[in-house]
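According to our numbering, the residues represented by the sequence shown are 107 to 500, in order. For every residue, glycine included, the Cβ atom is placed at its ideal position computed from N, Cα and C. Reviewing the structure listed below.
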Amino acid sequence: MNPLRPETRTVHLPQPSLEGSGPIKIPIYQTSGFVFEDPAVFAEGMRRPNGAFVYGRLSNPTVRALEQAVADLEGGVGGVAASSGMGAINTVLLGLLKAGDHLIAQRALYGGSAAVVADLAARFGVEVTYVPEDDPEAVRAALRPETRMLYLETIANPMTQVADLPGMCAVAREAGVITVVDNTFASPMLCRPIEHGADIVVHSATKYLSGHTDVLGGVAVFATEELHERVWHFAVELGSTADPFAAWLTLRGMQTLPLRMERHCANARLLATRLAEHPAVARVHWPGLPTHPSYALAAKLLPDFGGVFSFDLVGGRAAGETFMRSVRLALLAPSLGGVETLVLHPATTSHRGLDAEELAAVGIGAGTVRVSVGIEHPEDLWADFEQALEHCRA
Ligand code: PLP
107 MNPLRPETRT VHLPQPSLEG SGPIKIPIYQ TSGFVFEDPA VFAEGMRRPN
157 GAFVYGRLSN PTVRALEQAV ADLEGGVGGV AASSGMGAIN TVLLGLLKAG
207 DHLIAQRALY GGSAAVVADL AARFGVEVTY VPEDDPEAVR AALRPETRML
257 YLETIANPMT QVADLPGMCA VAREAGVITV VDNTFASPML CRPIEHGADI
307 VVHSATKYLS GHTDVLGGVA VFATEELHER VWHFAVELGS TADPFAAWLT
357 LRGMQTLPLR MERHCANARL LATRLAEHPA VARVHWPGLP THPSYALAAK
407 LLPDFGGVFS FDLVGGRAAG ETFMRSVRLA LLAPSLGGVE TLVLHPATTS
457 HRGLDAEELA AVGIGAGTVR VSVGIEHPED LWADFEQALE HCRA
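As structure tokens, this is what we get:
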């Protein structure tokens, strides 16, 4: 007979015993905190990223499972998960840079990241120099005594320029500068930047890692314990924490990442190749096409070329709009990396923060359409694109 009253028993619920068996899947640890028997263990758990679980803003078993899974795929020593890709990127940038530091950033970046870099310069006293993604000598020329970080994207959003990771990272390393690489577009299936000399890899887990367009998340992976600890301490301060259910959905999606990436890349190859031959299309930007400026570098660095490409129509912006209105299977929607094929207009959506000059500098045209190719049957996708292109003929 339980001597406690109902008011107490409903608060202190019995826990099931797991003796003799355990779950196949990592459970969702939907709790904001953890209980201790020993106050010393409690105190110690607050001091480092991989200590005992204490409080959800510091760590959580489901979230740590995600951090370790991504770190393992990327070849890092540990990870810090965040509530979105921008959460992970801001945690790394704000956690490691301070006023007076100098940042060297790739010119062609995801619009959200470009906005953060511009903000660091405008409001936080960080000086920024922009460099092309494939010019290690430009990095060398930009170096200053106060340079702290080089920031790159493996495959840039949306024009898919490929960064010369080995060359750019080597120059930074020689100068004692940390290289951070956004590996969202490549995923660890196509590239592991730490193997090429990067110190930190960031992901929007919203995209390929989770892969099903149903969750937001981000992960930063570290090549050294020292960087892991520094960024973890700042993440705890910032509160950019991942939610356990979001971490669980991402882990669930990651189990099919290799299969999905194969299909994304194969479908992108078919669509990009056929579009490049279509009379209504002026140019296709996919690094697997020999016409892409990054083709030679991409062929050396990557086993395949990713599931995102952009293209320009002969009829310019009006034709681009007609195309986006006319697709039936592909969806006009934000984001990328999910199982469904999505199209959008970067100049007015993902890269809306860039002015005309900045858009031109990264190659985004007024009519450029970005496609995130899903895992549907490629011939169904091509039939959809073909009928939409019929509407775009001048
Ligand atoms: N990095 C890249 C390359 C992206 O494309 C995006 C979003 O589109 C992000 C980061 C930001 O991710 P999230 O939307 O999860 O914050």
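Proximity of residue i and residue j at Cβ, strictly below 8 angstroms
| i | j | result |
| --- | --- | --- |
| residue 232 | residue 209 | yes |
| residue 423 | residue 473 | yes |
| residue 454 | residue 436 | no |
| residue 259 | residue 212 | yes |
| residue 392 | residue 372 | no |
| residue 478 | residue 349 | no |
| residue 352 | residue 322 | yes |
| residue 480 | residue 334 | no |
| residue 324 | residue 187 | yes |
| residue 380 | residue 488 | yes |
Residue i beta carbon near the ligand PLP (any heavy atom closer than 7 angstroms)
| i | result |
| --- | --- |
| residue 373 | no |
| residue 285 | no |
| residue 218 | yes |
| residue 231 | no |
| residue 356 | no |
| residue 320 | no |
| residue 442 | yes |
| residue 324 | yes |
| residue 196 | no |
| residue 128 | no |
| residue 456 | yes |
| residue 503 | Since the first and last residues shown for the chain are 107 and 500, residue 503 lies out of range. |
| residue 312 | yes |
| residue 416 | no |
Span of the beta strand (DSSP E) around residue i
| i | result |
| --- | --- |
| residue 233 | 233-237 |
| residue 284 | 284-288 |
| residue 160 | Where residue 160 is concerned, there is no enclosing beta strand (DSSP E), given that its DSSP letter is neither H nor E. |
| residue 257 | 253-259 |
| residue 451 | Counting along the chain, residue 451 falls outside any beta strand (DSSP E), and DSSP gives it neither H nor E. |
Extent of the continuous alpha helix (DSSP H) to which residue i belongs
| i | result |
| --- | --- |
| residue 175 | 167-180 |
| residue 279 | 271-280 |
| residue 490 | 484-496 |
| residue 195 | 191-202 |
| residue 208 | Segment 208-212 is the beta strand (DSSP E) holding residue 208; no alpha helix (DSSP H) there. |
| residue 471 | Note, residue 471: premise wrong, no alpha helix (DSSP H); not H, not E. |
| residue 418 | Counting along the chain, residue 418 falls outside any alpha helix (DSSP H), though it belongs to the beta strand (DSSP E) covering 414-419. |
Heavy atom of the ligand SAM within 7 angstroms of residue i beta-carbon
| i | result |
| --- | --- |
| residue 291 | You won't find the ligand SAM in this model; what it holds is the ligand PLP. |
The region 451-462 / the region 340-358 touching (three or more Cβ pairs under 8 angstroms): Segments in contact, no.
Indicate whether the contact test is met: 3 or more Cβ pairs, each with one atom in the region 402-411 and one in the region 266-277, closer than 8 angstroms. Touching, per the Cβ criterion.
For the region 119-137 against the region 157-177, are there 3 or more C-beta pairs whose distance is under 8 angstroms? With a cut-off of 8 angstroms, the region 157-177 and the region 119-137 count as touching, because enough Cβ pairs lie within range.
Take every Cβ of the region 304-312, pair it with every Cβ of the region 277-291, and state whether three or more of those distances are shorter than 8 angstroms. Because the criterion of three Cβ pairs below 8 angstroms is met, the region 304-312 and the region 277-291 touch.
Three or more C-beta pairs under 8 angstroms: does that hold for the region 417-434 against the region 489-496? In short, these stretches touch, since the Cβ pair count reaches three.
When you compare the region 228-242 with the region 281-297, are there three or more beta-carbon pairs, one atom per stretch, that lie closer than 8 angstroms? Cβ pair count under 8 angstroms is below three, so no.
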